[in-house]
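Shown next, in structure tokens, is the structure this report addresses.
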Amino acid sequence: MRQEYAGHRAPLFKGAEQPSIDRADIVIVGNGIAGLTAAIQARSFEPEARIAIITDQNHPTINTPALKQFAVGKLSREQLLAYPPGTERQERIHLIHARVEKINAQSKSVTLANGSSFGYGTLLLATGSTPTALPAQLPGRDFDGVLTLHRLQDYLDLRRRLPEVEEAVVIGGGAHACETVMCLLHWGIHVHWLIRSAVLLPRMLDETASEMVLERVRQAGATVYTSTEVVGIVGRVGSVIGVVTNHQQFIPCQLVVACTGTRPVTGLAKQCDLPLKHENGILVDDHLRSSVRDIYVAGDVAALKNPLTGQYEPRAQWYAAVEQGRMAGAMMTGHREAVRPFGVPWHATHLGDLSMLYVGNPLQSPPGAYVLTDNSRGGYRRLLLQGERLIGYLSLGPMQPDSLSIKRIIDEELPVRDILKGLLKGEFDARQYLTRRRSYSAQDLVTSGHLASVKPATVRTTPEPAPASHSSAPAAQTARSEPRLPTTDQLPPISPRPEALPQRGPLSVPALSQSKSNHYPILREEEEISPFTGTLPALPEQGQGGTRSNSGSLPARQEQGQGRRRNLWAYSDPALPAFPGQSPAQAQHVRPYSERREGGR
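The opening residue of the sequence shown carries number 7 in our numbering; numbering runs sequentially from there.
Next comes the structure, spelled out in structure tokens:
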């Protein structure tokens, strides 16, 4: 899919007659799962929009959790594709092979590595993450046989080397390192696993859960070293023959594999002509908006706010990237009725033959919180509670609980007194519990005339991404499941004005019936508040130019392929100060590209 450039014009598909463009309504940087999902979602909402993906990756979007199955020979290279071949062409998504070097937010364009510019209406940064390599000062880190596993090319390199390896050293204390150890054991290789901390996954597992996993790995044949680091790699004629640890121990091996985590690729945040807030990722609000107008961020590079801790942190998991991609596609086309809060972070995977589920913050101890644990039925559960609320859940065992239901309980702050035993013993019946909750809500509606919570519409994309491997089963579960019910306490604060919605609290039946949606009341555009851009004023009605609407309500959604095409730019956020003390004149952008372009589509 490599393109050759001639000025601003480039053939976008090899062997196909596609129109050459130098600007698009929606431009996405990165063709990982978040970027491609966002493009497909945007296409489902806007059939006539120009959508372009710019990437320097030389292969199609792949299912990264399935790489571990590829490493053990259970999947072929063709089976790694996240979407069916030709999806980009079928969805009329222009694919441009290039590297973006700079963002010109004031002129709404990006500068490519060859010096050309590409204009955008809205921009999505989905640049992903990069592996944390071994320290630059580590002796021997450049010997042949020292690998860092992250991308498809790394796994291809690993598979080529396996026939020559008898002993290997794996460095890292996370889920990726554990998967790599089990992969090498599968091929009959003796593995030495070096973990820097005293426990595995110290931010997710306590000592009991960590020892349960490590004991299973030892039984599978690996030698585990905790509180151990590599201080040097020994080689002979340029190839690795062993490592030296901080305990002055020499471990012979023919392969060293580093699985020491990842970090977000935030280089474009530093190469933007307007301040783009970033720290351990590019900071975004619950709508994936960055601190710069018309720039969204999704995937591993996005840092979202944890509602329990208030800290901004990336959520570098496959299913989180899929969900963020869908939301970004809806936001960039103005379909904010399809957006729902992300809630607390959660992570589900396999550690050896054990299923792990981590929701909220089970290892922290805020004031007034208490911990309950249980290690019956061949597993381990840890619950962090505050009063009758569940604020953290950790499960490890042969079976995985209903992860989305437990996340919903924490997000909505539902009482767990009646289901505490089931959660603790791993016998929680989510279907029965949620059915009972709906019955209570219906009874409360009849008796009090108030609706406790309202269910948003479910948005589905076509085609669906390929499901992740068995060790990342929640990815497929997330894509198929319905969204959780938001409570009124989770709604954004509303600016006081005479025609505003009722004050926070249960929504009354008349207020619900006046909504323009059959699913849930739509908050007006000016009633959404972003922590980066402030309160958004009302948007102009479509076709009225610069005249602002008094109602501020969103136009009714048109079904795909029906009716007159909607103006994408009617939903652009107004230019507001990105930082305290910045005047509107300083934050004002140039005219949107849609008003300057010639000809039309």
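For every residue, glycine included, the Cβ atom is placed at its ideal position computed from N, Cα and C.
Here's the rule: buried if 16 or more other CB atoms are within 10 angstroms of the residue's CB, otherwise exposed. What is residue i?
i, result
"residue 79", "exposed"
"residue 6", "Residue 6 lies beyond the range of the chain shown here (7 to 607); nothing can be said about it."
"residue 423", "exposed"
"residue 119", "exposed"
"residue 372", "exposed"
"residue 188", "buried"
"residue 360", "buried"
"residue 169", "exposed"
"residue 270", "buried"
"residue 405", "exposed"
"residue 439", "buried"
"residue 421", "exposed"
"residue 287", "buried"
"residue 219", "buried"
"residue 207", "buried"
"residue 256", "exposed"
"residue 435", "exposed"
"residue 243", "exposed"
"residue 37", "buried"
Assuming residue i and residue j form a contact by the criterion Cβ under 8 Å, report the distance between their Cβ atoms to the nearest whole angstrom.
i, j, result
"residue 308", "residue 290", "5 Å"
"residue 41", "residue 132", "4 Å"
"residue 304", "residue 130", "6 Å"
"residue 97", "residue 59", "10 Å between Cβ atoms; not a contact."
"residue 644", "residue 27", "The chain is shown from 7 up to 607; residue 644 falls before or after that span and cannot be answered."
"residue 128", "residue 300", "5 Å"
"residue 681", "residue 390", "Because residue 681 is not part of the residues shown, which for the chain are 7 to 607, the question remains open."
"residue 306", "residue 134", "5 Å"
"residue 232", "residue 138", "At roughly 20 Å, the Cβ-Cβ gap does not stay under 8 Å, so residue 232 and residue 138 are not in contact."
"residue 431", "residue 383", "7 Å"
"residue 158", "residue 73", "7 Å"
"residue 278", "residue 111", "6 Å"
"residue 199", "residue 183", "7 Å"
How long is the line joining the alpha carbons of residue i and residue j, rounded to whole angstroms?
i, j, result
"residue 165", "residue 385", "33 Å"
"residue 100", "residue 44", "13 Å"
"residue 64", "residue 348", "31 Å"
"residue 117", "residue 75", "38 Å"
"residue 520", "residue 343", "Its pLDDT being 34, under 50, residue 520 is placed unreliably in this model, and the value from its coordinates should be taken loosely. Distance between the alpha carbons of residue 520 and residue 343: 16 Å."
"residue 29", "residue 102", "11 Å"
"residue 223", "residue 197", "10 Å"
"residue 319", "residue 311", "6 Å"
"residue 229", "residue 358", "14 Å"
"residue 394", "residue 415", "11 Å"
"residue 235", "residue 281", "39 Å"
"residue 427", "residue 284", "42 Å"
"residue 152", "residue 163", "11 Å"
"residue 381", "residue 408", "18 Å"
"residue 55", "residue 296", "22 Å"
"residue 62", "residue 150", "26 Å"
"residue 136", "residue 442", "45 Å"
"residue 148", "residue 140", "10 Å"
"residue 104", "residue 66", "14 Å"
"residue 331", "residue 156", "21 Å"
"residue 68", "residue 322", "15 Å"
"residue 250", "residue 77", "27 Å"
"residue 217", "residue 176", "18 Å"
"residue 482", "residue 275", "Caution applies to residue 482, whose pLDDT of 37 falls short of 50 and renders its modelled position unreliable; the value that the coordinates give is listed next. For residue 482 and residue 275, the distance between alpha carbons rounds to 31 Å."
"residue 367", "residue 419", "14 Å"
"residue 417", "residue 171", "47 Å"
"residue 459", "residue 180", "Here residue 459 scores only 46 on pLDDT, less than 50, and its place in the model is too uncertain to base an answer on."
"residue 3", "residue 107", "Limits of the chain in this structure are 7 at one end and 607 at the other, which puts residue 3 out of reach."
"residue 412", "residue 356", "18 Å"
"residue 126", "residue 317", "31 Å"
"residue 161", "residue 84", "14 Å"
Closer than 8 Å to a non-hydrogen atom of the ligand MN - does that hold for the CB of residue i?
i, result
"residue 414", "The model depicted lacks the ligand MN and carries no ligand whatsoever."
Run through the region 39–120 for me and flag every whole beta strand (DSSP E) of 3 or more residues, listed as ranges in chain order. 57–61, 99–103, 106–110, 115–118
I'd like to know if the region 47–60 and the region 329–344 are in contact, where contact means that at least 3 CB-CB pairs between them fall below 8 Å. yes
Please specify which runs of the alpha helix (DSSP H), each continuous and at least 4 residues long, are wholly inside the region 203–271, giving them in chain order. 213–226
Validate contact between the region 351–369 and the region 395–410 using beta carbons, cut 8 Å, 3 pairs: yes
Uninterrupted beta strand (DSSP E) stretches inside the region 135–177 (no shorter than 3 residues): 135–137, 152–154, 173–177
Touch test, the region 254–261 against the region 80–96, Cβ-Cβ under 8 Å, three pairs minimum: no
Hey, is the region 197–206 in contact with the region 144–152, meaning 3+ C-beta pairs nearer than 8 Å? no
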